[in-house]
């Protein structure tokens, strides 16, 4: 693929699964059987292992895996004035739940970047992950634009990332129009290089409605739910191609992914990033590690 | 009128002396005291034997689990429940226990449920079959110790399927960029779910009935995970129970219950829906519709053509708040008003109480039973009748 003029990279944004040892440590902490220092030590160990796995796989950007995050919203809800955790809510059609954002003020605000514990230092260029403005605003009565300006922008400022992936799981299932998100993304677009990621859904309808014209540098598409033909001809953004299925325990064949990347190239996509189709936390850590390795092998094979 | 039938839903917490014994950890005096105090409180015959065993150390975890079953049986009987189980004391967990006794699955590690809570997840890797009936020993033991009637909770086929990966029916290659859509996903899930229903759940049910089971509750907490698969949930229930001679109910919880309609119109083998409502309700007293927003959907259960009864969830199992008996009463009275009479109403918690301490669970169950009695008295008073007789007697 290097000879084809296509720029190909690979990385894994989103939440990475905790190891069994870390799960046990957090469980013990909840039950008063261990202290925060022991949990912190295990988080550091998990992070070291995750960094090593990404480096060994040859990934181009490194993620900290959001190992301390309880869900995509929690640190923001805990740190921002005017936001708090709401009802325990099923994440799409998975068996994993999150605390839905709840606004307690008309104009929630984050006074500065998130605590450094939520964006660990990395020994290489970072891919950061935050919720999209629409996802954060959903059900709160606050506009996505206000969330972008007053909550996400301060969080972005603290990430120092090569690329920030905004996770947008709800736009497609809600049947909302991509254009509704445009003002909010405009508010963020000059603050970082951004990609909007549509996990676990057919992005075809969003692309038909002009998602490719949104003011972001890249779009993340789940190709286990979206047909290749849904990608518009002449797509000129970075395409985060969801080619690793995090809802499946089966490890992907790198050669199949490489062939698919070539088909994307044939369709005129010039910048491709091979990524999972959602957070790797939907599989157990050993499976996630294997999927990371295969992501790297797929890039090498392409 | 007859009495409201009161019953459990499923799980209760495992006591510290069982947890620690199972994990090979040393007991503290407070653990032994827990066994002594609860043995006395709920009248567990011979509990001194357990206490001595715990004090001595080295107790057999399997024996301790059976003691824990006895405690939970007596606890529910002492609270006054009409129909009971043992809080699933000898099971590992509702998913893992079933999968561990099935052929055709392999473990795939742990996955987050929420926050710091994780669950074991397996993958279907081949045709499903039953290794051995996995509730028989539990049922036989409980038959020997229970004084009240038994209702056996058993995890249903759809929940087992939707909580598993499927490596057997889903293609391993060829899905990438192919628009492998919901239609194919649903088809794969249907194969797995019906395989489980026919070859795991049904033979298990047959074995329990053979042993004398008269009421089996098929737990389906995952039933509404996929809104477009509710027909499959219904089909799997029907395949599991069709033609079997037993009272079958199902338990649904923490869902948008509107989703179940009209799909469950076709689930006529289900004679009772045990459903959690208190979680969505207010805590103030009152028996009007405005007072009871959590119960708005119950009219849809009333209108099912095959007229199943409703196991009315009146205890929020997610909180240590102990409902007053008056609050329980008002929730029941509202349901009676909606149903036009008490005949199709039973009273139960929203779900299993395993996330609550025994102290809180017991208080809640006592309030449930007392609330049922208050509701009966209120209805009798309205009709100028004497207090009711037990429906079981």
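Residue numbers (my numbering), protein chains in the order written: chain D, 143 to 444; chain Z, 124 to 516. Ideal Cβ positions, reconstructed from N, Cα and C, are used throughout, including at glycine.
For residue 485 of chain Z, the uninterrupted alpha helix (DSSP H) segment begins and ends at 481 to 506. Look at residue 438 of chain Z here: in three-state DSSP terms it is coil, with no helix or strand label. Around the CB of residue 320 of chain D, 16 or more other CB atoms lie within 10 Å, so the residue is classed as buried. Rounded to whole angstroms, the gap between the alpha carbons of residue 374 of chain D and residue 317 of chain Z is 40 Å. In the three-state reduction of the DSSP assignment, residue 371 of chain Z falls in the strand class. Taking a contact as a CB-CB distance under 8 Å, the pair residue 308 of chain D and residue 263 of chain D does not count as one, their CB atoms being some 22 Å apart. With 16 or more other Cβ atoms inside 10 Å of its own Cβ, residue 342 of chain Z counts as buried. For residue 428 of chain D, the residues of chain Z that pass the 7 Å Cβ criterion are 232, in the order they occur in the chain. In this structure, the straight-line span from the alpha carbon of residue 312 of chain Z to that of residue 396 of chain Z is close to 24 Å. Of the candidates Z/448, Z/248, Z/148, Z/493, the residue whose Cα lies closest to the Cα of residue 289 of chain Z is Z/248.
Listed along the chain, the chain Z residues whose CB falls inside 7 Å of the CB of residue 395 of chain D are 296. Shown in chain order are the members of the segment 416 to 441 of chain D whose Cβ falls below 8 Å from a Cβ of chain Z: 423, 424, 425, 426, 427, 428, 429.
For residue 414 of chain D, the secondary structure class from DSSP, reduced to helix, strand or coil, is strand.
Here DSSP, grouped into helix, strand and coil, assigns residue 251 of chain D to strand. Taking the C-beta atoms as reference points, residue 403 of chain D is found no nearer than 8 Å to residue 433 of chain D. Going by DSSP, residue 322 of chain Z is part of no alpha helix (DSSP H) at all; its letter is neither H nor E.
Per DSSP, the continuous alpha helix (DSSP H) segment holding residue 423 of chain Z begins and ends at 421 to 425. Neighbours of residue 293 of chain Z in chain D, taken as residues at a C-beta separation under 9 Å, are given in chain order as 390, 392. Across the structure, residue 167 of chain D and residue 439 of chain Z are spaced so that their CA atoms are roughly 29 Å apart. In the DSSP assignment, residue 276 of chain D falls within the alpha helix (DSSP H) that extends over 275 to 279. Excluding residues up to 5 positions away in sequence, 224, 225, 226, 322, 323, 326, 327 lie with their Cβ nearer than 8 Å to the Cβ of residue 253 of chain Z in the same chain. D/292 is the residue among D/437, D/269, D/428, D/292 whose C-alpha sits nearest the C-alpha of residue 278 of chain D.
If you ignore the 5 residues before and after residue 162 of chain Z, its C-beta comes within less than 6 Å of the C-beta of 170, all in its own chain and listed in chain order. Pairing residue 371 of chain Z with residue 127 of chain Z, the inter-Cα distance amounts to about 18 Å. Scanning its chain for C-beta atoms nearer than 7 Å, with the 5 sequence neighbours on each side dropped, one finds around residue 352 of chain Z the residues 309, 312, in chain order. For residue 369 of chain D, the residues of chain Z that pass the 8 Å Cβ criterion are 300, 301, 302, in the order they occur in the chain. In the assembly as shown, residue 287 of chain D is a buried residue. Its beta-carbon has 16 or more other beta-carbons within 10 Å. Listed in chain order, the alpha helix (DSSP H) elements of length 4 or more contained wholly in the segment 191 to 268 of chain D are 216 to 221. Proximity of the segment 265 to 278 of chain Z to the segment 296 to 305 of chain Z falls short of the contact definition, fewer than three beta-carbon pairs being nearer than 8 Å.
Residue D/248 holds the alpha-carbon nearest to the alpha-carbon of residue 222 of chain D among D/153, D/248, D/173, D/231. Residues of the segment 346 to 372 of chain Z that bring their beta carbon within less than 7 Å of a beta carbon in chain D comprise 348, 349, in sequence order. About 7 Å separates the beta carbons of residue 187 of chain Z and residue 140 of chain Z, which is inside the 8 Å limit, making them a contact pair.
The Cβ neighbour count for residue 237 of chain D, taken over all protein chains shown within 10 Å, is at least 16; the residue is labelled buried. Of the residues assessed, residue 239 of chain Z falls on the buried side of the cut-off, its CB having 16 or more other CB atoms within 10 angstroms. For residue 469 of chain Z, the enclosing beta strand (DSSP E) stretches over residues 468 to 471. Residue contact with chain D for residue 400 of chain Z: absent (no Cβ-Cβ distance below 8 Å to any residue of chain D).
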